[in-house]
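Residue numbers (the UniProt record's numbering), protein chains in the order written: chain A, 1 to 494; chain B, 1 to 151. Beta carbons are placed, not taken as given, at the ideal position from N, Cα and C, and that holds for glycine.
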């Protein structure tokens, strides 16, 4: 009875309007390259000062959910990840748009984001305190094992394993630029202060995927290749939906599980979901060629993280990722201290936030599906004008994150590197994954060694590390195992 | 222009080995922390440099042993396109350099027009009007609607 009473304020017109506007605003911010959900939430926190806690916090949740979803728009249409969370969506989203099915790709991303968001919201509403306990069991060794497992994605994503491994290692080496996470000692900064905090991830990512694509476009323009302008309908076909069922469930569950572990984030979740879906697929060779389940896996995972990341925030007072850290600021501004006591002292706010997550996800679906024809029109812009417009958006996006001009050079540098990698068969995705996971891997490896007097065996001392290390071995060996299985099956058929 | 993948891999492998040499030299400049752990600030860089060097040698060996297959050949852009791409890269570096001191509006307008010309756009109406409209629309959208500061 109480729960229904706590949910009632959500249906007041001004609260619904605030959630709707937040979700729409987040969607637009997420769709613009470089502008992240974090920035959206941070920018709009002052607007919530005068609002009730339920109204203000749900507006911020709307921006968060809309922002993470919005990233898929530019990933699919322009090969420019709107947010780091949608970098993996580029792999199948952009090729699908190139085949003239941009509308269906966006439709699949919207449906996947909605399903992922709703599944994680159900978990949030029913199991928040119990699941938060798992997050508390994660120490340095567990985070290291998780990061190592994440890096094995490289093995299955790279067509050429040797070049994929080199790309991944280069990514890890690049991620060590800047202040050492443990001692603060400077590494490879060459005295440039702008590099003290390392290469900014988002400008690097924009360069790696978007600017490198512009160079490829220049080749196509010179070769007079006609772009494919068809956008298709907005609904995925029945066959695409049927093929994507497993990917949707797998992505949602992986996103939920990764989301409750603080410090991992939606970028990690979407890459792991993509890899696991590809590995479980009977047609893994279709991934990366514009295959709908690839989009379903990444988008369901990154939106599942949104609701799941609220679990450690609300139940333990630990933000799950950067956006929830900013959201925590929103809670504190409202005079609320997140943590176990919040469930006792302000159940109305907790239940209101659970309900708001559902409503924001539904608004995201409505706006997302309604705007697909508008988004798809971007592809109608003549190629040269579109290319230069993307350059300007990339520059503003890269600059606005830290207002640091060094980020612009970083972006250009990674653009040239990305084009070269693409041309010579090296994996941009592997470099991207290593950039995300490199700092997590290094800081926890060294922290673990420091805490245990350099005892390497401490990394295999708990069930969670054993589980992840076992998965790491399996995942790294999978490309070879699958080849042997396929060969044996072929021999049996003959 | 067609480039043999094996030949490219050979050069890339050699380049990576040189890169490893350079980074190793720079790694010797990293100060060690005060902790007693063997895993100091240069622990991971050394590990990664060693692995990259090892894989680069493997890349070279593989390139030397592989036979030519036409389907792995790399299509390189022609000289004119390569010059245009180099020009485009230079333009972006200049744009990045001018962004803060000159400001968003003039630097973007000039970069936009020069970029369109480098991309081969020759319709003068589009070359002038589109950059003006787009630059102003982006400026208004980011500064007024999204409260993003632009120089």
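Exercise. Between residue 218 of chain A and chain B, is there a C-beta pair that is closer than 8 Å?
Worked result: As a first step, residue 218 of chain A is located in the first chain; it is residue number 218 there, counting from the start. Chain B, which has a Cβ nearer than 8 Å to the Cβ of residue 218 of chain A, makes this yes.
For this session: With DSSP collapsed to three states, give me the class of residue 178 of chain A.
Result: On the first chain, residue 178 of chain A is found 178 positions in, with the first residue counted as 1. Strand.
Exercise. Per DSSP, which one or two residues make a beta bridge with residue 75 of chain B?
Worked result: Counting from 1 along the second chain, the entry for residue 75 of chain B is found at position 75. Looking at the DSSP assignment, residue 75 of chain B forms a beta bridge with B/2.
For this session: Could you check which residue in A/299, A/164, A/442 has the C-alpha nearest to that of residue 119 of chain A?
Result: As a working mapping, residue 119 of chain A is identified with position 119 in the first chain. Answer by Cα proximity: A/299.
Exercise. Between the C-alpha atoms of residue 19 of chain B and residue 339 of chain A, what's the straight-line distance to the nearest angstrom?
Worked result: On the second chain, residue 19 of chain B is found 19 positions in, with the first residue counted as 1. On the first chain, residue 339 of chain A is found 339 positions in, with the first residue counted as 1. Distance between the alpha carbons of residue 19 of chain B and residue 339 of chain A is about 49 Å.
For this session: Taking C-beta pairs closer than 8 Å, name the residues in chain B that residue 176 of chain A reaches, listed in chain order.
Result: The residue you call residue 176 of chain A lines up with position 176 of the first chain. Per Cβ cutoff of 8 Å: 44, 45, 48.
Exercise. Name the chain B residues that come within less than 8 Å of residue 276 of chain A, Cβ to Cβ?
Worked result: Reading the first chain from its first residue, position 276 is the one you call residue 276 of chain A. None at all; the shortest Cβ gap to chain B is about 25 Å.
Exercise. With burial defined as no fewer than 16 other Cβ atoms inside 10 Å of the residue's Cβ, what is the status of residue 29 of chain B: buried or exposed?
Worked result: Residue 29 of chain B sits at position 29 when you count from the first residue of the second chain. Answer is exposed; the Cβ neighbour count stays below 16.
Exercise. If residue 87 of chain A sits next to residue 68 of chain A, beta carbons under 8 Å apart, how far is it from one beta carbon to the other, in whole angstroms?
Worked result: As a working mapping, residue 87 of chain A is identified with position 87 in the first chain. As a working mapping, residue 68 of chain A is identified with position 68 in the first chain. Residue 87 of chain A to residue 68 of chain A, Cβ: 12 Å. No contact.
For this session: Compute the distance between the beta-carbons of residue 206 of chain A and residue 355 of chain A, then report whether it is under 8 Å.
Result: One-based indexing of the first chain puts residue 206 of chain A at position 206. One-based indexing of the first chain puts residue 355 of chain A at position 355. Taking 8 Å as the Cβ cut-off, residue 206 of chain A and residue 355 of chain A do not qualify as a contacting pair.
Exercise. So is residue 271 of chain A buried or exposed if we call it buried at 16+ other beta carbons inside 10 Å?
Worked result: Against the first chain, residue 271 of chain A aligns to sequence position 271. Buried: at least 16 other Cβ atoms inside 10 Å.
Problem set entry | Bounding residues of the alpha helix (DSSP H) (the contiguous stretch that carries residue 423 of chain A) | One-based indexing of the first chain puts residue 423 of chain A at position 423. Run containing residue 423 of chain A: 406-423, per the alpha helix (DSSP H) assignment.
Problem set entry | With 16 other Cβ atoms within 10 Å as the buried cut-off, status of residue 419 of chain A | The count along the first chain starts at 1 and reaches residue 419 of chain A at position 419. By the 10 Å Cβ count, residue 419 of chain A comes out buried.
Exercise. In chain order, what residues of the same chain lie with their CB nearer than 6 Å to the CB of residue 143 of chain B, ignoring the 5 residues before and after it?
Worked result: One-based indexing of the second chain puts residue 143 of chain B at position 143. Correct list, in chain order: 150.
Problem set entry | C-alpha distance - residue 545 of chain A paired with residue 61 of chain A, whole-angstrom precision | A query on residue 545 of chain A cannot be resolved here, the shown segment of chain A reaching from 1 to 494 and no further.
Exercise. Any Cβ of chain A within less than 8 Å of the Cβ of residue 15 of chain B?
Worked result: In the second chain, counting from the first residue as 1, residue 15 of chain B sits at position 15. Not closer than 8 Å to any Cβ of chain A, the Cβ of residue 15 of chain B fails to qualify, so no.
Problem set entry | Those residues which DSSP pairs with residue 186 of chain A across a bridge | Position 186 of the first chain holds residue 186 of chain A. In the DSSP output, where bridge partners are listed per residue, residue 186 of chain A has A/179.
Exercise. Would residue 347 of chain A be called buried (16 or more neighbouring beta carbons within 10 Å of its own) or exposed?
Worked result: Walking along the first chain from the start, residue 347 of chain A turns up at place 347. It counts as exposed.
Problem set entry | Supposed close pair residue 430 of chain A, residue 164 of chain A - CB separation, criterion 8 Å | Start at 1 with the first residue of the first chain, and residue 430 of chain A comes out as number 430. Start at 1 with the first residue of the first chain, and residue 164 of chain A comes out as number 164. Indeed they touch by this definition, with Cβ atoms about 5 Å apart.
Exercise. So, are the CB atoms of residue 268 of chain A and residue 260 of chain A less than 8 Å apart?
Worked result: As a position in the first chain, residue 268 of chain A is number 268, starting the count at 1. As a position in the first chain, residue 260 of chain A is number 260, starting the count at 1. Going by C-beta atoms, residue 268 of chain A is not nearer than 8 Å to residue 260 of chain A.
Exercise. For chain B, is any of its Cβ atoms less than 8 Å away from the one on residue 167 of chain A?
Worked result: Taking the first residue of the first chain as position 1, residue 167 of chain A is located at position 167. Cβ-Cβ to chain B under 8 Å: no for residue 167 of chain A.
For this session: Can you give me, in chain order, the residues of the region 101-116 of chain B that have a beta carbon less than 7 Å from any beta carbon in chain A?
Result: 108, 112, 115, 116
Exercise. Comparing alpha-carbon positions, which option in A/314, A/218, A/98, A/211 lies nearest residue 353 of chain A?
Worked result: The residue you call residue 353 of chain A lines up with position 353 of the first chain. Comparing Cα-Cα distances from residue 353 of chain A to each of A/314, A/218, A/98, A/211, the minimum goes to A/314.
Problem set entry | Per-residue contacts from residue 62 of chain B into chain A (C-beta, under 9 Å) | Counting from 1 along the second chain, the entry for residue 62 of chain B is found at position 62. Chain A residues near residue 62 of chain B: 162.
For this session: Alpha carbon to alpha carbon, how far is residue 10 of chain B from residue 21 of chain B? Give it in angstroms, no decimals.
Result: In the second chain, counting from the first residue as 1, residue 21 of chain B sits at position 21. In the second chain, counting from the first residue as 1, residue 10 of chain B sits at position 10. Distance between the alpha carbons of residue 21 of chain B and residue 10 of chain B is about 17 Å.
Problem set entry | Test item: CB-CB of residue 209 of chain A and residue 81 of chain A under 8 Å | As a working note, residue 209 of chain A is residue 209 in the first chain. As a working note, residue 81 of chain A is residue 81 in the first chain. Going by C-beta atoms, residue 209 of chain A is nearer than 8 Å to residue 81 of chain A.
Exercise. Does any C-beta atom of chain B lie closer than 8 Å to the C-beta of residue 112 of chain A?
Worked result: Residue mapping note: residue 112 of chain A aligns to position 112 of the first chain, counting from 1. Closer than 8 Å: no.
For this session: Could you please give the first and the last residue of the uninterrupted alpha helix (DSSP H) stretch that includes residue 509 of chain A?
Result: What the structure shows of chain A is the stretch from 1 to 494, and residue 509 of chain A is not part of that stretch, so it cannot be assessed.
Exercise. Quick one: Cα of residue 152 of chain A to Cα of residue 278 of chain A, how far?
Worked result: Taking the first residue of the first chain as 1, we reach residue 152 of chain A at position 152. Taking the first residue of the first chain as 1, we reach residue 278 of chain A at position 278. Cα to Cα, the separation comes out at about 13 Å.
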